[in-house]
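Asker: Residue 76 in my numbering sits at position 76 of the sequence shown, with consecutive numbering throughout.
We put the CB at the ideal spot given by N, CA and C, even for glycine.
Have a look at the structure that comes next, please.
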Amino acid sequence: MKNYENKVAVVTGAGGTLCSEIAKDLAVRGVRVVLVGRTLEKLEKVAEEIRKAGGTCLTAACDVADREAVARLAETVDETFGGCDWLINGAGGNNVKAMPTITSFDPRELTGELPEGTKGIFGIDSDAFESVLRINTMGSFYPIMAFAPQMVRKGGGAVVNFASMNSYCPLTRCFAYAMSKAAISNLTQSLAAYFAPAGIRINAVAPGFMVNERSRTYLGTVEEGLTPRGQSVIGHTPMGRFGEAKDLLGCVRWLLDQEDAAFVTGITVPVDGGFLTLGGV
Ligand SMILES: NC(=O)c1ccc[n+]([C@@H]2O[C@H](COP(=O)([O-])OP(=O)(O)OC[C@H]3O[C@@H](n4cnc5c(N)ncnc54)[C@H](OP(=O)(O)O)[C@@H]3O)[C@@H](O)[C@H]2O)c1
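Pasting the structure below:
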């Protein structure tokens, strides 16, 4: 196992399903980890596990879409651990208020005659829509801006952003989420080019359909039964299962590793059980 004891990683979304496992995986290898999210309790639970296993971490409640709060976070990381080497931009997600319940236009949207409980695109909450865009895009951009100077000072660094299957082709109903995750792949390329002379590599992972609390409701499980949307996902996933957080760990470590991924920057790596190999027909 590689020893990363001199590394400091900032992991946003560290109280969540995927990035809590990424944070624990890095901490167990000796990385000093900064756990970032809005809800301190979620972060403390992860921190407790890390400390019990002998790891070193710091928890920081911070809204990653708030530029000033992220700048203060960067100061704290500098004071506590002497700066950041690796940034994992995992904070993000969707909001049902930003989604219609129907998958394509229905003329009754224009006459107010949609059935009770049904919402078309004109009924979505524009504040929620903007919030999804902001958290998923600016919530990755601001941390890169805040931590890049520390990486430059330390002679280089690495960033892993979180894209999605929506970065390649949008899923139905996910307008704001899909827009923002497509933007993440693009931002990964443009910032990778910009920061290459500084020795900062910027890449992204694009998780396929990973199991989390929400997915159990809207996709179901292979073992206990799938929803129609879940059946469609599994039908398009040659490996025939949903992903789990542990499926991402090796890819994230590879993208962070300055030796193994020395010449790799600006890419988005799908970790999707083959979802992108099929056109859906
Ligand atoms: N799970 C999947 O199938 C899947 C697939 C493709 C891509 N992804 C992406 O992978 C990343 C992690 O997903 P996940 O499944 O682990 O989701 P998750 O369990 O909901 O975790 C996301 C975490 O982000 C934090 N967060 C959200 N907005 C934030 C903000 N403004 N500032 C700081 N923290 C914020 C949340 O904590 P607080 O609410 O406490 O802030 C939450 O703990 C996300 O970017 C997601 O879009 C997930």
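Can you give me the Cβ contacts of glutamate 44 inside the same chain, cut-off strictly under 7 Å, excluding the 5 residues immediately before and after it?
Answerer: On the sequence shown, residue 44 is found 44 positions in, with the first residue counted as 1. Answer for glutamate 44: Thr59, listed in chain order.
Asker: Taking just the CA atoms, how far does aspartate 272 sit from serine 232?
Answerer: Walking along the sequence shown from the start, residue 232 turns up at place 232. Walking along the sequence shown from the start, residue 272 turns up at place 272. Approximately 14 Å, taken between the alpha carbons.
Asker: Evaluate the contact criterion for the region 104-121 versus the region 156-169: three or more CB pairs, one atom per stretch, below 8 Å.
Answerer: Output reads no: the region 156-169 does not touch the region 104-121.
Asker: Of the choices Leu171, Val46 and Arg51, whose alpha-carbon is the least far from that of threonine 101?
Answerer: Within the sequence shown, numbered from 1, the residue matching residue 101 stands at position 101. Nearest C-alpha to threonine 101: Leu171.
Asker: When you compare only the Cα positions, how much space is there between cysteine 57 and glycine 120?
Answerer: What you label residue 57 is simply residue 57 of the sequence shown in a count that begins at 1. What you label residue 120 is simply residue 120 of the sequence shown in a count that begins at 1. Cα-Cα distance, rounded: 44 Å.
Asker: Is the distance from the Cβ of valine 33 to the Cβ of glycine 55 below 8 Å?
Answerer: By one-based count along the sequence shown, residue 33 stands at place 33. By one-based count along the sequence shown, residue 55 stands at place 55. Cβ atoms of valine 33 and glycine 55: closer than 8 Å.
Asker: Assign serine 126 to one of two classes, buried (16 or more other C-beta atoms within 10 Å of its C-beta) or exposed (fewer than that).
Answerer: Taking the first residue of the sequence shown as position 1, residue 126 is located at position 126. Result: exposed.
Asker: Bridge partners of proline 270, per DSSP?
Answerer: Along the sequence shown, read from residue 1 onward, the residue named residue 270 stands at position 270. According to DSSP, which records beta bridges pairwise, proline 270 is partnered with Ala206.
Asker: Am I right that methionine 165 and glycine 208 are in contact with their C-beta atoms under 8 Å? What's the rounded C-beta distance?
Answerer: Sequence index remark: in the sequence shown, residue 165 carries index 165 (1-based). Sequence index remark: in the sequence shown, residue 208 carries index 208 (1-based). Correct: roughly 6 Å between the Cβ atoms.
Asker: The alpha helix (DSSP H) with threonine 217 in it runs from where to where?
Answerer: In the sequence shown, the residue the question calls residue 217 occupies position 217. Where threonine 217 is concerned, the enclosing alpha helix (DSSP H) stretches over 213-218.
Asker: Do arginine 201 and threonine 268 count as a contact pair if the criterion is CB distance below 8 Å?
Answerer: Locating residue 268 in the sequence shown gives position 268, counting from the first residue. Locating residue 201 in the sequence shown gives position 201, counting from the first residue. Not closer than 8 Å, so no.
Asker: Could you pull out every residue in the same chain whose Cβ sits closer than 7 Å to the Cβ of arginine 246, ignoring the five residues on either side in sequence?
Answerer: What you label residue 246 is simply residue 246 of the sequence shown in a count that begins at 1. Per the sequence presented here, residue 246 reads as lysine, with arginine not at that position. Around lysine 246: Glu21.
Asker: State the start and end residues of the unbroken alpha helix (DSSP H) segment that holds asparagine 186.
Answerer: Translated into the one-based positions of the sequence shown, residue 186 becomes position 186. Taken as a continuous stretch (DSSP letters only), the alpha helix (DSSP H) holding asparagine 186 covers 175-195.
Asker: Any heavy atom of ligand 1 closer than 7 Å to the CB of phenylalanine 129?
Answerer: Here residue 129 refers to the residue found at position 129 of the sequence shown. Phenylalanine 129: no, Cβ never under 7 Å from ligand 1.
Asker: Buried or exposed: which applies to asparagine 89, given that a residue is buried once 16 or more other Cβ atoms fall within 10 Å of its Cβ?
Answerer: Taking the first residue of the sequence shown as position 1, residue 89 is located at position 89. It counts as buried.
Asker: Taking the beta strand (DSSP E) that cysteine 57 belongs to, which residues open and close that run?
Answerer: For the purposes of this step, residue 57 is identified with residue 57 of the sequence shown, where counting begins at 1. Its beta strand (DSSP E) spans residues 57-61.
Asker: Please work out which residues of its chain come closer than 7 Å, Cβ to Cβ, to alanine 99, disregarding the five sequence neighbours upstream and downstream, and give them in chain order.
Answerer: The residue given as residue 99 occupies position 99 in the sequence shown. The question names alanine, yet the displayed sequence has methionine at residue 99. Hits under 7 Å: Ile124, Arg173 and Cys174.
Asker: Whole angstroms is fine: what's the gap from proline 238's alpha carbon to leucine 219's?
Answerer: Numbered from 1 along the sequence shown, position 238 holds the residue referred to as residue 238. Numbered from 1 along the sequence shown, position 219 holds the residue referred to as residue 219. Cα to Cα, the separation comes out at about 17 Å.
Asker: Does the structure place the region 244-263 close enough to the region 132-142 that three or more beta carbon pairs sit under 8 Å?
Answerer: With a cut-off of 8 Å, the region 244-263 and the region 132-142 do not count as touching, because too few Cβ pairs lie within range.
Asker: According to DSSP, is phenylalanine 141 helix, strand or coil?
Answerer: As a working mapping, residue 141 is identified with position 141 in the sequence shown. Helix, per DSSP.
Asker: Could you pull the DSSP bridge partners for glycine 82 from this structure?
Answerer: By 1-based counting over the sequence shown, the position of residue 82 is 82. For glycine 82, which the question treats as bridged, DSSP gives no partner whatsoever.
Asker: Following a CB-centred definition, is serine 185 positioned closer than 7 Å to any heavy atom of ligand 2?
Answerer: You won't find ligand 2 in this model; what it holds is ligand 1.
Asker: Glycine 250 lies in the alpha helix (DSSP H); which residues open and close that run?
Answerer: On the sequence shown, position 250 is the one that residue 250 refers to. That run of the alpha helix (DSSP H) goes 246-256.
Asker: DSSP three-state label for phenylalanine 162, please.
Answerer: Along the sequence shown, read from residue 1 onward, the residue named residue 162 stands at position 162. Three-state result, phenylalanine 162: strand.
Asker: Flag glutamate 48 as yes if its beta-carbon sits less than 8 Å from any beta-carbon of chain D, otherwise no.
Answerer: Annotation note: the requested chain D is absent from the structure, which comprises a single protein chain.
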